Structures are given as C-alpha cells and as structure tokens.
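Q:
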Amino acid sequence: MKSNYKYGSLASFVEIPSIDWAKGRPQIFPVEEPLEIEIGFGTGEYLTDLAGAARGVNFIGFEQCPTRIIKTLRKLHQEGLSNVRLMRIDAAWGFEFLLKGAAVDRVHCLFPCPWPKKRHAKNRLFQAAFLTLVRSRLRNGGVLRVVTDHHPYAEWIEEQLPGTGFSLQRRMIGAVHGTKFEKKWQDGGQEQFDELLLTADQPYRYQEIGVSAVTVYFCRSFNAERLVLEGISGRITVSFPDQLFDAGRRAGMVHAIVSEDGRMQHVWVSIDPTEKGWCVAAAAGTAVLPTEGVQKAVELVYQAVEKSGR
Ligand SMILES: C[S@@+](CC[C@H](N)C(=O)[O-])C[C@H]1O[C@@H](n2cnc3c(N)ncnc32)[C@H](O)[C@@H]1O
C-alpha cells in the first residue's frame, strides 16, 4: 500500500505547541536573516527549488494541509535541505505572531485560493488588512510576489492596495514554477497567469494584536454534572460546541471556537485534577496561538468550573 507517511524526517517541521510564547517571538533559525516565506506551498515543488538554489537563505513555509506538508517534508529530506522550516498554520497567524519584529526579504505565494464566487470574496487571503500585515513584516524594499490563475483575483488585489504600503508592478507570465496547481491549470489549457510584484516602499499603519501566555487557573472543586458553559459574542466571540469527560468524570476537555479580528481558532481547554486543585488551561499539545480570545475562552471555562463546584 502506498503510504503518505514517508516523510523521511521531521527535522524541518516546527510544531506550534512546542513554542513558549512567554519568551516572545520564537527563534526558528539559529541566524534568522536573510529570510523568505512561502504562503500555501502545497506539495512543495517551488519551496524546494527556491531553498536548493539559495542555501544561505532561510525559508519558512506556512501551509494548512497536513498531507501536503508531509509530501514537502519528503522532498526537503530527499534534497538534503536544512534551510527550510514548515509550519501547519494559517498564514495570517504566522505573520501576526511568528514574524512580529522580523525583517523578511521576500514573500512568495503561488496560486492562492481564488474564491471566485462574489459572496465568497471575503475569504480571500490578500485583503487590505492582510497586505498591511505582510508589509509590516517585510524590510523596506522587500517584495511580496503573488501569481494567480484567476484574473479577477489579480484585479481585486490591486483594488486592495491603497494604504497597505506597497507599490505594484503587474504583468502576465507563462508557466515557469512547475507546481502541482500550475500543472493543473496548464492541463486545463491555461498558459498565462497574472504576476503581482508588490514592493514594500510606501507608508502604512499597522495595529499589532496583543499576545501573551494564556493564564492557567486552579479551582477547588468541580462537578461535571453541573458544568454549564456560556459563550459570548461581540468583538470576541466564543462558543462551546463540545465537551468530553473520562468515564469517571474526573477530567474533562471543552472544545471552544474563538473568533476575533475576523479570524478563528479551535481551542481545547482541559480540566484536570492536580495536587493544587482542578487545573483549567489551554490543553497541552493544542496548536493554539495565545490571543486575547483564547484567554477569554479559558477564563469562561474556569468560571463555569468554579460555579459547578459551589
Ligand atoms: C491552490 S493551492 C496552491 C498550492 C501551491 N502553491 C501550488 O502552486 O501548487 C493553495 C494552497 O494554499 C493553502 N492555503 C490556503 N489558505 C491558506 C492560509 N491562510 N495559510 C496557509 N496556507 C493556506 C492551501 O492549503 C493550499 O495548499
């Protein structure tokens, strides 16, 4: 049977839960510059080529699809590349938290999901807010390069640009990257693609999102039968769709969905008996970024646990 798990080595993979946020921005490479990023690297053809051609440059890839990450790990291993780190993360969070204070040289994105239906345009990645965020992580003169198969998306990105700090050069190019999706469009008969070269050389303003370690709470008593979880809505929205308990109802996990600043995270909050009492915390091993919304979710669970034991 063909296995997807032949990734060769996990050396290039960085797990979000392994990051200690209390220490501030994580050091991903021993020496961080020069630094280039690929967003949505898919099965990694382009990232492997870039990193192989510039071994003195560090590359970070953000991708959400696990099987594509595994395929890319395999390629990096086969090529013996040590200058790449892959993260399973929404690029928006990656830029927000992992690259805060960085001076990135270049950002690449080939064939971002175009969301062609008008009512889905709100899901497109390269909206003004994200462009300003990327601009804030680029060094002055750094470049964001986007290639898209969807001409209306290129037009739409151009409309987003005022105030984001970029100047634009646009042209049509042929198929030169050899990626899975480029081949797919080529097989479908498309030969020309929109290239947008966005240079970080204009003024912009970016409001940072606060981040700090999420509080760990301790409660004296807990009664799983009486646990009532209430979400909140507003700038931060928290809902609690699921709860799990062990057979003796002596430990629990609460699933929270947190939306804030137009982004969403799934968070598991653990309720565990410890010597210091019932510990309520963002569950170990959860790939969660410690935002204000996550803090709020843990606090709401803590308050419900406290109440259940009274
Ligand atoms: C159309 S595919 C293109 C893949 C690759 N660049 C290629 O040319 O074959 C878009 C990729 O972007 C990833 N993606 C979409 N939104 C993302 C996001 N917000 N952060 C990171 N990756 C994302 C998807 O999982 C998918 O692999």
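Numbering (the working numbering) for the sequence shown: 869 to 1178. Even glycine gets a Cβ: it sits at the ideal position worked out from N, Cα and C. As the structure is a prediction and not an experimental result, all values here were calculated from the model.
Would you check if the segment 1095-1103 and the segment 1061-1074 touch, i.e. whether three or more CB-CB distances between them fall below 8 Å?
A: The segment 1061-1074 vs the segment 1095-1103: no contact.
Q: List the endpoints of the continuous beta strand (DSSP E) containing A1165.
A: It is not in any beta strand (DSSP E) - A1165 instead sits in the alpha helix (DSSP H) that spans E1160 to S1176.
Q: Helix, strand or coil for E906 per DSSP?
A: It is a strand residue.
Q: I'd like the list of long-range same chain contacts for V1082, defined as Cβ closer than 6 Å, with 5 residues on each side in sequence excluded.
A: Around V1082: A1150, P1158, V1162, Q1163 and V1166.
Q: Which residue's Cα is closest to the Cα of G1145: V1173, E1128 and M1121?
A: Out of V1173, E1128 and M1121, V1173 has the C-alpha closest to the C-alpha of G1145.
Q: Taking just the CA atoms, how far does K990 sit from V1126?
A: Their backbone Cα atoms lie some 18 Å apart in a straight line.
Q: Could you pull out every residue in the same chain whose Cβ sits closer than 6 Å to the Cβ of A970, ignoring the five residues on either side in sequence?
A: Same-chain partners within the cutoff: R1005.
Q: Out of curiosity, what's the CA-to-CA distance linking M869 and T935?
A: A caution first: M869 carries a pLDDT of 49, below 50, which makes its placement in the model unreliable, though a value can still be read off. Those two C-alpha atoms are separated by around 16 Å.
Q: Considering only the beta carbon of each residue, do R974 and L1012 sit closer than 9 Å?
A: In this structure, L1012 lies closer than 9 Å to R974 by Cβ.
Q: Is it right to say P1020 is buried, meaning 16 or more other beta carbons lie within 10 angstroms of its own, or is it exposed?
A: It is exposed - the Cβ of P1020 has fewer than 16 other Cβ atoms within 10 Å.
Q: Per DSSP, T1016 is paired with what?
A: T1016 is bridged to D1062.
Q: Let me know if Q1133 comes out buried or exposed under the rule of 16 or more other beta-carbons within 10 Å of its beta-carbon.
A: With 16 or more other Cβ atoms within 10 Å, it is buried.
Q: Regarding I884 and ligand 1, is the C-beta to nearest heavy atom distance less than 8 Å?
A: Answer for I884: no, Cβ out of range of ligand 1.
Q: Check this for me: beta carbons of G897 and G929, under 9 Å apart or not?
A: The residue you asked about is not Gly; residue 897 is Phe in the sequence shown. The answer is no: Cβ separation not under 9 Å.
Q: How many Å lie between D958 and G1057 at the Cα?
A: Their backbone Cα atoms lie some 31 Å apart in a straight line.
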